[in-house]
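K.L.:
Numbering (our numbering) for the sequence shown: 1467 to 1698. Glycine included, C-beta positions come from ideal geometry on N, C-alpha and C.
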Amino acid sequence: MATQTKKQKMLADKVDVEKLYGFDEALTLLRETASKKFDETVEIAMNLGVDPRHADQTVRGMVSLPSGTGKTVKVAVFARGDNADKATAAGADKVGAEDLMEDMQNGNLDYDRVIATPDMMGVVGRLGKVLGPKGLMPNPKLGTVTPNVEQAVKDAKGGQVEFRAEKKGIIHSGIGKLSFSDADLKKNFEALTGAVVRAKPSGAKGKYVRKVSLTSTMGPGLKLDTTEIEGA
1467 MATQTKKQKM
1477 LADKVDVEKL
1487 YGFDEALTLL
1497 RETASKKFDE
1507 TVEIAMNLGV
1517 DPRHADQTVR
1527 GMVSLPSGTG
1537 KTVKVAVFAR
1547 GDNADKATAA
1557 GADKVGAEDL
1567 MEDMQNGNLD
1577 YDRVIATPDM
1587 MGVVGRLGKV
1597 LGPKGLMPNP
1607 KLGTVTPNVE
1617 QAVKDAKGGQ
1627 VEFRAEKKGI
1637 IHSGIGKLSF
1647 SDADLKKNFE
1657 ALTGAVVRAK
1667 PSGAKGKYVR
1677 KVSLTSTMGP
1687 GLKLDTTEIE
1697 GA
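Structure below.
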């Protein structure tokens, strides 16, 4: 039998794999078991009672994390004229039209968010096969097709995140860094889980929030008690 590393032994001693933790207790445990070498991201996984292959069971939306994400978000904007100037002033990393389309077609897709004004969708539409698989295609329902590109850029830079149930009905999202205060991480946690609960689709059957776990980049996965989420 392979011998356990010091960290593996510590985790085995501290973590109860069957226990349903409250958020505060789980966060304390993640801090106790964290790497000291870098600032780990705190992540949440929500297993929902949906089958996203059915149109009436898709779960997708945007939510602003009140304490931010702790990450630098790269934003590209499709806009012309005055809107292009506003997007640049708001902090967009790249602003353009056909030139930006060609750049993306050539494989330059190092962006976390792509935003477009409505009049640019004729250009952006040609990038469906490029942006779609990466989840970057601008979408009016998500506020990424909008005449107010200035606000959309500020939202993206300021801590707005997208959540989306994958094909097995699981949502994965970061909610900040371990260097954040407990209060700031809890605000982000409540904002995200609240948004997911409010986004419950009409076709969801039975229990909606089935399992929730909290982890950090190098930390253990801790099961959370879902009652405090459903009661939010």
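Find the nearest neighbour of P1702 within the set E1656, E1632, R1497, judged by alpha-carbon distance.
P.N.:
A question about residue 1702 goes unanswered here, because the residues of the chain that appear run from 1467 up to 1698.
K.L.:
Need the endpoints of the beta strand (DSSP E) that Q1626 sits in, please.
P.N.:
Here the beta strand (DSSP E) through Q1626 covers 1626-1630.
K.L.:
Can you tell which of V1541, A1550, V1508 has its C-alpha closest to the C-alpha of T1683?
P.N.:
The candidate whose alpha carbon is nearest that of T1683 is V1508.
K.L.:
Within a Cβ cutoff of 7 Å, which residues of the same chain sit near A1468, ignoring the five residues on either side of it in sequence?
P.N.:
Residue placement at A1468 is flagged as unreliable, the pLDDT there being 47, under the threshold of 50; the coordinate-derived value follows with that caveat. Counting only Cβ-Cβ distances below 7 Å, and skipping sequence neighbours, we find nothing.
K.L.:
When you compare each of I1510, V1596, V1481 to E1656 by their alpha carbons, which one comes out closest?
P.N.:
Comparing Cα-Cα distances from E1656 to each of I1510, V1596, V1481, the minimum goes to I1510.
K.L.:
If you draw a straight line from the alpha carbon of A1661 to that of V1529, how long is it in whole angstroms?
P.N.:
For A1661 and V1529, the distance between alpha carbons rounds to 7 Å.
K.L.:
For V1481, does the three-state DSSP call read helix, strand or coil?
P.N.:
In the structure shown, V1481 sits in coil (DSSP, three-state: anything other than H, G, I, E or B).
K.L.:
Please name the residue in D1490, V1481, E1484, V1483 whose C-alpha comes closest to that of I1695.
P.N.:
Looking at the Cα atoms, D1490 is the closest of the given residues.
K.L.:
Should the stretch 1663-1680 be called in touch with the stretch 1530-1538, which here means at least 3 C-beta pairs below 8 Å?
P.N.:
Segments in contact, no.
K.L.:
Compute the Euclidean distance between the alpha carbons of F1629 and V1481, then round it to the nearest angstrom.
P.N.:
Looking at the two C-alpha atoms, the distance is approximately 28 Å.
K.L.:
With 16 other CB atoms within 10 Å as the buried threshold, where does D1522 fall?
P.N.:
It is exposed - the Cβ of D1522 has fewer than 16 other Cβ atoms within 10 Å.
K.L.:
Taking the alpha helix (DSSP H) that F1489 belongs to, which residues open and close that run?
P.N.:
Taken as a continuous stretch (DSSP letters only), the alpha helix (DSSP H) holding F1489 covers 1489-1498.
K.L.:
Looking at L1531: is its Cβ nearer than 7 Å to the Cβ of G1669?
P.N.:
No, the pair does not count as a contact, with Cβ atoms beyond the cut-off.
K.L.:
Can you give me the Cβ contacts of V1543 inside the same chain, cut-off strictly under 6 Å, excluding the 5 residues immediately before and after it?
P.N.:
A1553, A1558, V1561, I1581, V1615, listed in sequence order.
K.L.:
Report the residue from F1504, D1578, A1649, Q1571 whose alpha carbon sits nearest the alpha carbon of G1594.
P.N.:
Checking every option, the nearest Cα to that of G1594 belongs to Q1571.
K.L.:
What is the DSSP secondary structure of S1682, counted as helix, strand or coil?
P.N.:
Strand at S1682.
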